[in-house]
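The block underneath contains the structure these notes are about, expressed in structure tokens.
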Amino acid sequence: MRLLERIFDLAIIGGGVNGCGIARDAVGRGNTVFLCEMNDLASGTSSWSTKLVHGGLRYLEYYEFRLVREALIEREILWGIAPHIIRPLRFVLPHHAGLRPAWLLRLGLFLYDHIGGRHLLPATRSVDLRRDEVGRPLIPNRYSRAFEYSDCFVDDARLVVLNARDAADKGAEIRTRTRATEIRQADGVWTVSMVNTLTGARSQVQARALVNAGGPWVEDVLGRGAGVNAKAKVRLVQGSHIVVKKLYDHDRAYMFQNADGRIIFVIPYQDDFTLIGTTDRDYDGDPAKVKATPEEIQYLCAAASEYLAKPVTSEDVVWTYSGVRPLYDDGASEAKAATRDYVFELDTPGGSPLLSIYGGKITTYRRLAEEALERLSPYLRSAKAREGWTGKWPLPGGDMDVSDIDGLIAELQRGYPFLGHAHARRLARAYGTRAIKLLGDAKSGADLGQAFGATLNEREVRYLMANEWAVTAEDIVWRRSKLGLRLSADEIEALDDWITTHAVPQSPLLEAGGRS
1470 MRLLERIFDL AIIGGGVNGC GIARDAVGRG NTVFLCEMND LASGTSSWST KLVHGGLRYL
1530 EYYEFRLVRE ALIEREILWG IAPHIIRPLR FVLPHHAGLR PAWLLRLGLF LYDHIGGRHL
1590 LPATRSVDLR RDEVGRPLIP NRYSRAFEYS DCFVDDARLV VLNARDAADK GAEIRTRTRA
1650 TEIRQADGVW TVSMVNTLTG ARSQVQARAL VNAGGPWVED VLGRGAGVNA KAKVRLVQGS
1710 HIVVKKLYDH DRAYMFQNAD GRIIFVIPYQ DDFTLIGTTD RDYDGDPAKV KATPEEIQYL
1770 CAAASEYLAK PVTSEDVVWT YSGVRPLYDD GASEAKAATR DYVFELDTPG GSPLLSIYGG
1830 KITTYRRLAE EALERLSPYL RSAKAREGWT GKWPLPGGDM DVSDIDGLIA ELQRGYPFLG
1890 HAHARRLARA YGTRAIKLLG DAKSGADLGQ AFGATLNERE VRYLMANEWA VTAEDIVWRR
1950 SKLGLRLSAD EIEALDDWIT THAVPQSPLL EAGGRS
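Numbering (the numbering used here), first residue to last: 1470 to 1985.
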């Protein structure tokens, strides 16, 4: 078994948004950092969200004012550091007679506009659904008024990968397909034993502090020999989504209230599709095997059809996805009422800190990382240096103004005139300014190598494998992109075959998080 020679300041188990966010922040403060993920980055909860950077309007009903305020502030901070993968989105909230009264909606949206440091996002407005274009997709004469407010859309899986990429660029070691099998503490140092799930190779790493960012597996990680009797408990809540063909032509999303007190979102998605979600139900199975159930699919179809003039049926569904949220178990009777706030549990068996994370949401991952390092600051050599830097330093590809994505698309088409507008737009929104690095010296489409369909080509695949830890076709078409919506099963299989026979394996330098 190979033991990495140095002792790291911090080791992190879990390559979701929380783990990668902590890795980025910690290495930027001058700490040596190691992160292992048993599958692909963002392969768990972090890639199965509703794709929103939002304050969480409905959390106001549960008096979670601190969480909502923190999330609202984060919207514009995250938009500023990642304008390629995050963009503003306007939401239409129709007033449904018999559910929440209009005055309550107006009060909630007044708080939403004013407690969270909104500077760039437009304010709430009232909408006459009988005259405005956003009323056209709705059932005629059933809904007459609505409120339109601001939040943001995010490519969640890319947010995770870009945090990992920035951490690696600054010196962190990132190991994917590497499962922590045992954690032991002795003489003030944690030893993490690991196995590579592709090769079976075993190794160990040592660190002065350990973060358990296992998400739905947080308690499982603690059971691998930590010597800790955790007081906190995780509540696994399943959230499922459906994707259908584009339901309407305008660019706004909807927030629909249901008679059961829940809400669903209906969101323009990947240009030609509409995303509908999410459900909330307790889950007690293996988080790796979660799937949208027929009952959940029917629930989402019925909830959307309560508002839309053209009903949504299960036959309209082109894709479903489901994830398990690892919420802190606060004893709430219903899954929808369980807190979305994050909770830390810090244990110091033998004097070595182990910080376990319960809950959290995409929107607050950066603040969670800052607070995690504040908790660990007595044990880290460089915890205070450059505090708050992650909200000012752009993520890879995000070094541009929030309003300049169209300018980047135009620049790509000028520099690479063989790119169609849709291709240039996809690259700009996925890679930002690093799209130029990806395209390199290409003078024609042929220079991009083999075409796999839906504008995906060999050069992009090689870039993703060399710079973003992609190993399989699934990594590429469902996490690094959503091209799986456009590629056929045969095309995806052909991509996997090409990877198996042509791609150069990741070098040890990259596997250990080397610089791009």
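Glycine residues also receive a C-beta, built at the ideal position from the N, C-alpha and C atoms.
For Gly1684 and Gly1513, which I take to be in contact (beta-carbon distance under 8 Å), what is that distance rounded to the nearest angstrom?
Going by Cβ atoms, the distance from Gly1684 to Gly1513 rounds to 5 Å, so yes, they are a contact pair.
What beta strand (DSSP E) runs, 3 residues minimum, are completely inside the region 1847-1934?
1920-1922, all fully within the region 1847-1934.
In angstroms with no decimal places, state the Cα-to-Cα distance between Ala1761 and Ile1905.
Going from the Cα of Ala1761 to the Cα of Ile1905 covers about 38 Å.
Going by other Cβ atoms of all chains shown within 10 Å of its Cβ, with 16 needed for buried, is Trp1858 buried or exposed?
So Trp1858 ends up on the exposed side.
How many angstroms separate the CA atom of Ile1554 from the CA atom of Asp1799?
One C-alpha to the other measures close to 33 Å.
In whole angstroms, give me the CA-to-CA distance for Ala1728 and Tyr1618.
Each residue's alpha carbon lies about 22 Å from the other.
Look at the alpha carbon of Gly1483 and the alpha carbon of Phe1477, and state the distance between them as a whole number of angstroms.
One C-alpha to the other measures close to 16 Å.
I'd like to confirm the pairing. Which residues does DSSP put opposite Val1795 in its beta bridges?
According to the sequence provided, residue 1795 is Pro. The question's Val does not apply to it. The partner list for Pro1795 (beta bridge, DSSP) reads Leu1705.
Would you list the one or two residues that DSSP bridges to Ile1476?
In DSSP, Ile1476 forms a bridge with Gln1675.
Roughly how far, in whole angstroms, is the beta-carbon of Ala1699 from the beta-carbon of Glu1688, given that I think they are within contact range, below 8 Å?
That belief holds up - the Cβ atoms of Ala1699 and Glu1688 are roughly 7 Å apart, short of 8 Å.
Excluding the 5 residues preceding and the 5 following Arg1834 in the sequence, name in chain order all residues of the same chain whose CB lies nearer than 6 Å to its CB.
Contrary to the premise, residue 1834 reads as Tyr rather than Arg in this sequence. Excluding residues within five positions, the ones whose Cβ falls inside 6 Å are Val1486, Asn1487, Gly1490.
Taking 9 Å as the threshold (beta carbon to beta carbon), is Ala1935 in contact with chain B?
The structure shown contains no chain B, having only a single protein chain.
Identify whether Ser1516 lies in helix, strand or coil by the three-state DSSP scheme.
It is helical.
Could you check which residue in Ile1608, Arg1599, Ala1571, Ala1592 has the C-alpha nearest to that of Leu1777?
Checked all of Ile1608, Arg1599, Ala1571, Ala1592; the closest Cα to Leu1777 is Ile1608.
Suppose you measure from the CA of Gln1919 to the CA of His1892; what does that come to, to the nearest Å?
Taking the straight line from one Cα to the other gives about 15 Å.
Measuring CB to CB, does Ile1439 end up less than 9 Å from Leu1521?
Nothing can be reported for residue 1439, as the shown portion of the chain is limited to 1470 through 1985.
Looking at the unbroken alpha helix (DSSP H) that takes in Glu1986, where does it start and where does it end?
An answer regarding residue 1986 cannot be provided, because it is not within the stretch 1470 to 1985 covered by the chain.
Just verifying my parser: in three-state terms, what is the DSSP assignment at Thr1817?
Coil, per DSSP.
At 4 residues or longer, what runs of the alpha helix (DSSP H) sit wholly inside the region 1485-1532?
DSSP runs (the alpha helix (DSSP H)) wholly in the region 1485-1532: 1486-1497.
Can you give the beta carbon distance from Ile1736 to Ala1722, rounded, assuming they're within the 8 Å contact cut?
Contact holds; Cβ gap of about 4 Å.
Does DSSP classify Ile1542 as helix, strand or coil?
The answer is helix: DSSP assigns Ile1542 an H, G or I state.
Check whether the region 1815-1831 touches the region 1862-1869, counting contact only when three or more Cβ pairs, one atom from each stretch, lie closer than 8 Å.
Taking 8 Å as the limit for Cβ pairs, the verdict is that the region 1862-1869 does not touch the region 1815-1831.
Would you identify the three-state DSSP class for His1583, choosing helix, strand or coil?
His1583 falls in the helix class under three-state DSSP.
From this set, Ile1733, Arg1895, Gly1889, which residue's C-alpha is nearest Ser1913's C-alpha?
Cα-wise, what sits closest to Ser1913 is Gly1889.
Can you give the beta carbon distance from Tyr1885 to Ala1915, rounded, assuming they're within the 8 Å contact cut?
Not confirmed; about 13 Å, so no contact.
For Gly1828, name the three-state secondary structure that DSSP assigns.
Gly1828: strand per DSSP, three-state reduction.
On a Cα-Cα basis, can you pick out the residue from Ile1968, Trp1788, Lys1715, Asn1610 that is closest to Arg1928?
If we check each option's Cα against that of Arg1928, Ile1968 comes out closest.
Buried or exposed for Trp1572, going by 16 or more other Cβ atoms inside 10 Å?
It is exposed - the Cβ of Trp1572 has fewer than 16 other Cβ atoms within 10 Å.
Does the Cβ of Pro1756 have 16 or more other Cβ atoms within 10 Å, making it buried, or fewer, making it exposed?
Classification of Pro1756: buried, given that the 10 Å Cβ count is 16 or more.
On the DSSP bridge list, what partners appear for Cys1621?
Answer by DSSP bridge pairing, in chain order: Val1522, Pro1557.
In terms of alpha-carbon separation, which member of Gly1730, Trp1686, Tyr1848 lies closest to Lys1702?
For the residues Gly1730, Trp1686, Tyr1848, the minimum Cα distance to Lys1702 belongs to Trp1686.
In angstroms with no decimal places, state the Cα-to-Cα distance between Arg1627 and Trp1938.
Between Arg1627 and Trp1938, the C-alpha separation is close to 12 Å.
From the DSSP secondary-structure annotation, give me the bridge partner or partners of His1710.
Note: His1710 sits in a beta bridge opposite Gly1746, Tyr1790.
Output the boundary residues of the alpha helix (DSSP H) element that contains Ala1778.
Unbroken run through Ala1778: none, as it is neither H nor E.
Can you give the beta carbon distance from Asp1785 to Val1871, rounded, assuming they're within the 8 Å contact cut?
Wrong, their Cβ atoms sit about 34 Å apart, outside the cutoff.
Grab me the residues of Val1759's own chain with a C-beta within less than 7 Å of its C-beta, minus the 5 sequence neighbours each way, in chain order.
Excluding residues within five positions, the ones whose Cβ falls inside 7 Å are Gln1707, Tyr1752, Ser1791, Gly1792, Val1793.
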